[in-house]
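J.: Numbering (our numbering), first residue to last: 180 to 641.
Backbone N, C-alpha and C define an ideal beta-carbon position, used for all residues, glycine too.
Below, the structure written as structure tokens:
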């Protein structure tokens, strides 16, 4: 986050976050990207005492943790539906497959950076003389687009009850080859949310306003009590700055575990790299070519040969082999232990990452396997509460646009989010059980269709 933007917002509307918090976000994102230079980069003394820059071997488990949480919470089986047919069709037209793919990516970055946001934008909307959004009756309807940003682009302005009600969003854009800073400010006024768009170029340490940058309206009065943004955070208490409305990374308290994984993996890789066979030969076997270059009698792999001692054969044999011990078992156990600590600390359960689960142990049954997933299931249900609210707010704004600006008969409170829990349950068995209940009359056909297809029978027949 550029300090100039924070200073500008603080002077104009005020902010609810300390500038130093973005240093924490940058630290979390560095682990998600795979390299934290203060930890992964170091120097060793080389030949002659000259320092050599090295990097630790690393597994980039911070990204894997976030990828797995995104896969558990938001996948292709997640459904947004409504019993009200016009509302269901409108939501399906706008919040379609590409929308859910983008949300999946946002969940990953949210769990890395601590906070994510969806911005609802209108392409082709018209404003009246007072800057209010106009109804689309008699004209082309505006097209709804969704943009997604992580915590490094979010500045909370007002926080109520732990939720961000007013915020600014910062992004870098390129307009005809020129790099600009795009600032989008959402504030709540008596007649609804107001959106102000501003463009800046950075000149030295100063901001210079750009008029009519990228053709975006400067001031939009939506007239909507519903915000044109929705905030997502992991369902974890932010113990770093509890009042700012932002969340914390899912691995914020597991940085030492991430270090432990990379240290164990680095030790494993270095043992393999340095563990190649060494063949030491007596100097009497060394030959030189016409130019004085040294070569060995059987120069197939020169890295295998190292000269030792002098020509005294009694003291130094002609050829000596050295085969370093790789310690593969010890290293593998160390990596596995560190992965267990990490997955436990990030809410995935103790044995989420198992590379050698049955070594010397009896194989577990499917029921036992599901039982070991209980920690993950409880945490997934906890995080899904925030994700459900996040999606409901996007759906609420989308429905408001369709009803108020496009004149459609939509119901704002009819949207329903269904998450996929097949990761924890046997969906085939549950489906068969539901079919049996339909045959017995315990469950209706409409209830079955709504549960498994998100549609009523009359909708399917159409």
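When the Cα atoms are used, what is the spatial distance from residue 447 to residue 343?
T.: As a working note, residue 447 is residue 268 in the chain shown. As a working note, residue 343 is residue 164 in the chain shown. If you take the alpha carbons of residue 447 and residue 343, they lie about 45 Å apart.
J.: Below 8 Å, how does it come out for the stretch 216-236 and the stretch 293-304: are there three or more Cβ pairs, yes or no?
T.: The stretch 216-236 vs the stretch 293-304: no contact.
J.: State whether the stretch 345-364 contacts the stretch 434-446, with contact taken as three or more CB pairs (one from each stretch) at a distance under 8 Å.
T.: Touching, no.
J.: Got a sec, what are the start and stop residues for the beta strand (DSSP E) residue 192 sits in?
T.: For the purposes of this step, residue 192 is taken as residue 13 along the chain shown, with counting starting at 1. Run containing residue 192: none; DSSP gives neither H nor E here.
J.: Assuming residue 585 and residue 241 make a contact with CB atoms under 8 Å, what is their CB distance in whole Å?
T.: Residue mapping note: residue 585 aligns to position 406 of the chain shown, counting from 1. Residue mapping note: residue 241 aligns to position 62 of the chain shown, counting from 1. Not a contact, Cβ separation roughly 43 Å.
J.: If you follow the beta strand (DSSP E) that residue 580 is in, where does it begin and where does it stop?
T.: Taking the first residue of the chain shown as 1, we reach residue 580 at position 401. No beta strand (DSSP E) holds residue 580; DSSP gives it neither H nor E.
J.: Label residue 553 either buried or exposed according to how many other C-beta atoms from any shown protein chain fall within 10 Å of its C-beta, with 16 as the threshold for buried.
T.: Looking up residue 553 in the chain shown gives position 374. Counting Cβ neighbours within 10 Å, residue 553 comes out exposed, since fewer than 16 surround it.
J.: Evaluate the contact criterion for the stretch 377-386 versus the stretch 402-413: three or more CB pairs, one atom per stretch, below 8 Å.
T.: Touching, no, given that fewer than three Cβ pairs across the two stretches are closer than 8 Å.
J.: So, is residue 249 buried or exposed, given that buried needs 16 or more other C-beta atoms within 10 angstroms?
T.: As a position in the chain shown, residue 249 is number 70, starting the count at 1. The residue in question, residue 249, is buried, as its Cβ has 16 or more Cβ neighbours within 10 Å.
J.: Pop quiz: residue 444 and residue 237 are said to be a contact at Cβ under 8 Å. What is the actual Cβ separation, rounded to whole angstroms?
T.: Along the chain shown, read from residue 1 onward, the residue named residue 444 stands at position 265. Along the chain shown, read from residue 1 onward, the residue named residue 237 stands at position 58. About 7 Å; that satisfies the 8 Å criterion.
J.: Which of the three DSSP states, helix, strand or coil, is assigned to residue 630?
T.: As a working note, residue 630 is residue 451 in the chain shown. Residue 630: helix per DSSP, three-state reduction.
J.: Which residues bound the alpha helix (DSSP H) around residue 436?
T.: In the chain shown, residue 436 corresponds to position 257, counting from 1. From DSSP, the alpha helix (DSSP H) with residue 436 extends over 434-453.
J.: When the Cα atoms are used, what is the spatial distance from residue 628 to residue 560?
T.: Position 449 of the chain shown holds residue 628. Position 381 of the chain shown holds residue 560. Whole-angstrom Cα-Cα distance: 24 Å.
J.: Using the DSSP secondary-structure output, state which residues sit across from residue 429 in a beta bridge.
T.: Stepping through the chain shown from its first residue, residue 429 is reached at position 250. DSSP output for residue 429 lists no bridge partner at all.
J.: Is it buried or exposed, residue 456, if we count other Cβ atoms within 10 angstroms and call 16 or more buried?
T.: Translated into the one-based positions of the chain shown, residue 456 becomes position 277. Answer is exposed; the Cβ neighbour count stays below 16.
J.: When you compare only the Cα positions, how much space is there between residue 527 and residue 414?
T.: Residue mapping note: residue 527 aligns to position 348 of the chain shown, counting from 1. Residue mapping note: residue 414 aligns to position 235 of the chain shown, counting from 1. If I take the Cα positions, the gap works out to 14 Å.
J.: Tell me which residues share the same chain as residue 357 and place their Cβ nearer than 8 Å to its Cβ, disregarding the 5 neighbours each side in the sequence.
T.: Taking the first residue of the chain shown as 1, we reach residue 357 at position 178. The residues are 380.
J.: Looking only at C-alpha atoms, which of 231, 198, 269 and 511 sits nearest to residue 442?
T.: Position 263 of the chain shown, counted from the start, is the residue given in the question as residue 442. Comparing Cα-Cα distances from residue 442 to each of 231, 198, 269 and 511, the minimum goes to 511.
J.: What three-state label does DSSP hand residue 571 in the structure shown?
T.: Numbered from its first residue, the chain shown carries residue 571 at position 392. In the structure shown, residue 571 sits in a helix (DSSP, three-state: H, G or I).
J.: Could you compute how far the alpha carbon of residue 245 sits from the alpha carbon of residue 522?
T.: Numbered from 1 along the chain shown, position 66 holds the residue referred to as residue 245. Numbered from 1 along the chain shown, position 343 holds the residue referred to as residue 522. Their Cα atoms are separated by approximately 11 Å.
J.: According to DSSP, is residue 479 helix, strand or coil?
T.: The count along the chain shown starts at 1 and reaches residue 479 at position 300. Bear in mind that a pLDDT of 45 at residue 479, under 50, signals an unreliable position, so the number given afterwards is only what the model happens to contain. In the structure shown, residue 479 sits in coil (DSSP, three-state: anything other than H, G, I, E or B).
J.: Pull up the CB-CB distance for residue 369 and residue 398, whole angstroms please, since I reckon it's below 8 Å.
T.: Translated into positions along the chain shown, residue 369 becomes position 190. Translated into positions along the chain shown, residue 398 becomes position 219. Not confirmed; about 16 Å, so no contact.
J.: Which partner residues of residue 311 appear in the DSSP bridge assignment?
T.: Counted from its first residue, the chain shown places residue 311 at position 132. Paired residues: 400.
J.: I'd like to know whether the C-beta atoms of residue 194 and residue 294 end up nearer to each other than 8 Å.
T.: By one-based count along the chain shown, residue 194 stands at place 15. By one-based count along the chain shown, residue 294 stands at place 115. Their beta carbons are not under 8 Å apart, which means residue 194 does not touch residue 294 by this criterion.
J.: Curious, which full-length alpha helix (DSSP H) runs of at least 4 residues does the stretch 323-357 contain?
T.: For the stretch 323-357, not a single whole alpha helix (DSSP H) run of length 4 or above is found.
J.: State the CB to CB distance for the pair residue 570 and residue 503, rounded to an integer number of angstroms; the pair is presumed to be in contact (CB under 8 Å).
T.: Taking the first residue of the chain shown as 1, we reach residue 570 at position 391. Taking the first residue of the chain shown as 1, we reach residue 503 at position 324. With a Cβ gap of about 55 Å, residue 570 and residue 503 do not count as contacting.
J.: Tell whether a beta-carbon distance below 8 Å holds between residue 580 and residue 362.
T.: The residue you call residue 580 lines up with position 401 of the chain shown. The residue you call residue 362 lines up with position 183 of the chain shown. Contact: no.
J.: For residue 435 and chain C, any beta-carbon pair shorter than 8 Å?
T.: Reference to chain C is not applicable here, since this structure consists of a single protein chain.
J.: Is the stretch 323-336 touching the stretch 198-205 in the sense that three or more CB pairs, one from each, lie closer than 8 Å?
T.: Yes, they touch.
J.: Between residue 325 and residue 261, is the Cβ-Cβ spacing less than 8 Å?
T.: Along the chain shown, one-based indexing puts residue 325 at 146. Along the chain shown, one-based indexing puts residue 261 at 82. Their beta carbons are not under 8 Å apart, which means residue 325 does not touch residue 261 by this criterion.
J.: Considering only the alpha carbon of each residue, which of 450, 378, 247 and 422 lies closest to residue 187?
T.: Working through the chain shown from its first residue, we reach residue 187 at position 8. The residue with the shortest Cα to Cα distance from residue 187 is 378.
J.: Contact check, residue 270 vs residue 285 under 8 Å by CB: the rounded distance?
T.: Here residue 270 refers to the residue found at position 91 of the chain shown. Here residue 285 refers to the residue found at position 106 of the chain shown. The pair is not a contact, with the Cβ atoms about 18 Å apart (cut-off 8 Å).
J.: Here's the rule I'm using: 16 or more other beta-carbon atoms within 10 Å means buried, otherwise exposed. How should residue 416 be labelled?
T.: Locating residue 416 in the chain shown gives position 237, where the first residue counts as 1. By the neighbour-count rule (16 or more Cβ atoms within 10 Å), residue 416 is not buried but exposed.
J.: Could you tell me the alpha carbon to alpha carbon distance between residue 139 and residue 251, rounded to whole angstroms?
T.: Outside the displayed range of the chain (180 to 641) lies residue 139, so it cannot be described from this structure.
J.: If residue 598 and residue 563 are in contact, beta carbons under 8 Å, what's the gap, nearest whole angstrom?
T.: Residue mapping note: residue 598 aligns to position 419 of the chain shown, counting from 1. Residue mapping note: residue 563 aligns to position 384 of the chain shown, counting from 1. Contact flag correct, Cβ pair sits at about 6 Å.
J.: Does DSSP put residue 365 in a helix, a strand or coil?
T.: What you label residue 365 is simply residue 186 of the chain shown in a count that begins at 1. Three-state result, residue 365: strand.
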